[in-house]
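Following: one structure in structure tokens, then a few remarks.
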């Protein structure tokens with residue numbers, strides 16, 4: 001029996017269990033990949049200094 | 050990790066180790082693999098936010114709105130693509146909160162890992178562990194959590210003690226060096242900084258009062274509030290006491306130190322959204338929710354509009370690259386004395402061996418003869434002198450100048466804030 005975040009994975013709930021994390025992480029990652037492309041040289045230091 | 054020239058025990062040990070690992074895996078000296086890893090960790094953090102909100106507030110709608118705001122918020126998105134240390138630390142911190150009251154030892158271990166990323170997380174971690182005592186009155190939960198934290202932190206603390214003689218070296222220097230600004234000239238008190246200090250003092254006081262109320266009422270998700278309010282208290286105390294200008298400046302709200310606050314804001318805004326479900330007239334409820342949604346989008350656009358001008362420009366990075374380019378062109382061996390992380394980074398990208406770059410912090414600032422001897426024995430041929438307030442090079446230069454003897458430096462290149470001096 002497999003578990004994800006303490007919940008049993010079955011065929012019926014596997015899509016929801018896997019789909020939600022993949023959807024959230026995927027969308028967040030997409031935004032970050034765009035940011036990486038827009039800011040290719042790492043500023044490293046914040047500008048407040 | 051590009052700021053380890055004398056700062057090895059000041060910064061948390063885990064992010065530089067992880068970055069070193071990415072350099073080794075990718076067989077490169079570029080920080081891009083680490084930035085990519087941070088982007089992934091930042092994205093996982095958004096999912097952890099979703100899980101935390103779902104776990105503690107028992108609402109999928111609330112979790113979805115909180116994670117949507119956190120996904121789109123500019124400082125959370127953009128900072129997690131930089132080679133900073135916060136991203137990894139915040140991930141462990143939030144993952145720990147997910148395991149609160151579930152797996153106490155894992156909770157402690159994750160807090161230990163967070164503490165190895167950022168010094169301020171030492172205080173937050175111990176505060177969160179103390180929540181077992183303050184909210185649950187449970188030593189049975191507290192003990193494994195503390196054991197988990199010590200499992201990770203004890204070897205680290207012993208390592209710091211072995212290397213520096215002080216087991217709390219980073220805590221000490223973060224307070225006296227950074228907050229009380231022993232490393233920099235004292236910051237002048239002006240009316241605007243007094244205003245911001247007062248504001249932060251109010252924030253710190255309000256955070257304590259709210260935590261005390263939470264201790265009495267113990268609402269759902271109190272550990273989430275305790276984390277963020279604890280951080281607000283820490284920030285408030287720091288900013289009130291600090292002689293560092295950056296902490297008492299309105300631009301602080303655009304800074305990476307606000308990442309945890311914006312995560313808190315995303316949860317608070319989603320809680321507000323959920324409260325609208327209590328409006329019983331459907332049309333009114335939908336209208337208010339639409340207006341609220343439009344306000345959130347507007348707020349996010351406004352945040353991007355104020356944030357991006359400070360971060361999207363690449364001119365400063367190009368400037369550092371051009372300065373390092375001049376030095377690489379004229380370099381014929383020997384050691385370079387340079388404290389600026391981005392310059393160190395470019396020097397290494399352009400072919401200088403990292404072992405030939407050292408910082409002024411290694412050199413005695415009390416005995417000029419010893420300092421001069423150090424420069425000779427380490428074959429120092431170039432000295433990068435800057436006007437940046439956080440850089441020790443100016444202090445070292447002034448110390449040698451005030452000794453009265455002739456300086457062993459000759460200015461060869463000057464551009465804006467940076468001068469490159471040959472050393473004889």
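Protein chains in written order, with the numbering used here: chain A, 1 to 49; chain B, 50 to 473. We treat Cβ as the ideally placed atom computed from N, Cα and C, and that holds for glycine.
Residue burial classification, residue 388 of chain B (beta-carbon count within 10 angstroms, cutoff 16): As a first step, residue 388 of chain B is located in the second chain; it is residue number 339 there, counting from the start. Residue 388 of chain B comes out buried.
Identity of the residue in B/195, B/184 and B/302 nearest residue 274 of chain B by Cα: As a working mapping, residue 274 of chain B is identified with position 225 in the second chain. Looking at the Cα atoms, B/184 is the closest of the given residues.
Alpha carbon of residue 161 of chain B to alpha carbon of residue 316 of chain B, nearest angstrom: Locating residue 161 of chain B in the second chain gives position 112, where the first residue counts as 1. Locating residue 316 of chain B in the second chain gives position 267, where the first residue counts as 1. C-alpha separation (whole angstroms): 24 Å.
Member of B/357, B/111, B/396 and B/350 whose CA lies at the smallest distance from the CA of residue 369 of chain B: As a first step, residue 369 of chain B must be located in the second chain, where it is residue number 320. For residue 369 of chain B, the nearest C-alpha among the options comes from B/396.
Contact list for the segment 439 to 464 of chain B against chain A, Cβ threshold 7 Å: 439
Alpha-carbon spacing of residue 5 of chain B relative to residue 282 of chain B, whole angstroms: Lying outside 50 to 473, the shown extent of chain B, residue 5 of chain B is not represented and no answer is given.
Environment of residue 222 of chain B [buried if 16+ CB atoms lie within 10 Å]: Counting from one through the second chain, the residue named residue 222 of chain B turns up at place 173. So residue 222 of chain B ends up on the buried side.
Within-9 Å CB hit, residue 397 of chain B to chain A: Looking up residue 397 of chain B in the second chain gives position 348. Answer no: the Cβ-Cβ gap between residue 397 of chain B and chain A never drops below 9 Å.
Interface flag, residue 17 of chain A vs chain B, CB-CB below 9 Å: To locate residue 17 of chain A, count along the first chain from 1; it is residue 17. Taking Cβ atoms only, chain B never reaches closer than 9 Å to residue 17 of chain A, which makes this a no.
Under 9 Å between C-beta atoms of residue 118 of chain B and residue 345 of chain B: As a working note, residue 118 of chain B is residue 69 in the second chain. As a working note, residue 345 of chain B is residue 296 in the second chain. For residue 118 of chain B and residue 345 of chain B, yes; Cβs fall inside 9 Å.
Start and end residues, alpha helix (DSSP H) containing residue 169 of chain B: For this step, residue 169 of chain B is matched to residue 120 along the second chain. Segment 169 to 183, the alpha helix (DSSP H) holding residue 169 of chain B.
Three-state secondary structure (DSSP) of residue 49 of chain A: The residue you call residue 49 of chain A lines up with position 49 of the first chain. Confidence in residue 49 of chain A is poor, its pLDDT being 41 and thus under 50, which makes the residue's placement unreliable; the coordinate value appears in the next sentence. Three-state result, residue 49 of chain A: coil.
Test: residue 95 of chain B CB closer than 9 Å to a CB of chain A: On the second chain, residue 95 of chain B is found 46 positions in, with the first residue counted as 1. It does: the Cβ of residue 95 of chain B has a partner Cβ on chain A nearer than 9 Å.
Own chain partners of residue 420 of chain B with C-beta closer than 6 Å, once the 5 adjacent residues on each side are dropped: Looking up residue 420 of chain B in the second chain gives position 371. The answer, listed in chain order, is 412 and 413.
Exposure of residue 261 of chain B, with buried meaning 16 or more beta-carbon neighbours within 10 Å: Along the second chain, one-based indexing puts residue 261 of chain B at 212. The residue is exposed, with fewer than 16 neighbouring Cβ atoms inside 10 Å.
N-terminal and C-terminal residue of the alpha helix (DSSP H) that residue 422 of chain B is part of: Position 373 of the second chain holds residue 422 of chain B. Counting along the chain, the alpha helix (DSSP H) containing residue 422 of chain B begins and ends at 417 to 426.
Distance between beta carbons of residue 87 of chain B and residue 131 of chain B, contact taken as under 8 Å: Translated into positions along the second chain, residue 131 of chain B becomes position 82. Translated into positions along the second chain, residue 87 of chain B becomes position 38. Rounded, the Cβ-Cβ distance is 7 Å, consistent with contact.
Assigned secondary structure, residue 398 of chain B (DSSP; H/G/I helix, E/B strand, else coil): Numbered from its first residue, the second chain carries residue 398 of chain B at position 349. Helix at residue 398 of chain B.
For residue 462 of chain B, the three-state DSSP class (helix, strand or coil): Position 413 of the second chain, counting from 1, holds the residue named residue 462 of chain B. Of the three classes helix, strand and coil, the one that applies to residue 462 of chain B here is strand, per DSSP.
Stretch pair the segment 238 to 255 of chain B + the segment 207 to 221 of chain B: three plus CB contacts closer than 8 Å: no
Enclosing beta strand (DSSP E) for residue 73 of chain B [first to last residue]: Here residue 73 of chain B corresponds to residue number 24 of the second chain, with the count starting at 1. Taken as a continuous stretch (DSSP letters only), residue 73 of chain B belongs to no beta strand (DSSP E), being part of the alpha helix (DSSP H) at 63 to 75.
Contact check, residue 24 of chain A vs residue 95 of chain B, beta carbons under 9 Å: As a first step, residue 24 of chain A is located in the first chain; it is residue number 24 there, counting from the start. As a first step, residue 95 of chain B is located in the second chain; it is residue number 46 there, counting from the start. Yes, the Cβ-Cβ distance between residue 24 of chain A and residue 95 of chain B is below 9 Å.
Residue 14 of chain A at chain B interface by Cβ criterion, 9 Å: Mapped onto the first chain, residue 14 of chain A falls at position 14. Cβ-Cβ to chain B under 9 Å: no for residue 14 of chain A.
Residues near residue 410 of chain B by beta carbon distance below 8 Å, same chain, minus five either side: Working through the second chain from its first residue, we reach residue 410 of chain B at position 361. So the list reads 54, 55, 56, 388 and 441, once near-sequence residues are dropped.
Within the segment 334 to 405 of chain B, ranges of the beta strand (DSSP E) (whole runs, at least 3 residues): Those beta strand (DSSP E) runs which fall completely within the segment 334 to 405 of chain B and span 3+ residues are 384 to 386.
Range covered by the alpha helix (DSSP H) that runs through residue 198 of chain B: If you number the second chain from 1, residue 198 of chain B lands on position 149. Where residue 198 of chain B is concerned, the enclosing alpha helix (DSSP H) stretches over 188 to 213.
Cβ pair count under 8 Å reaching 3, the segment 374 to 381 of chain B against the segment 460 to 470 of chain B: yes
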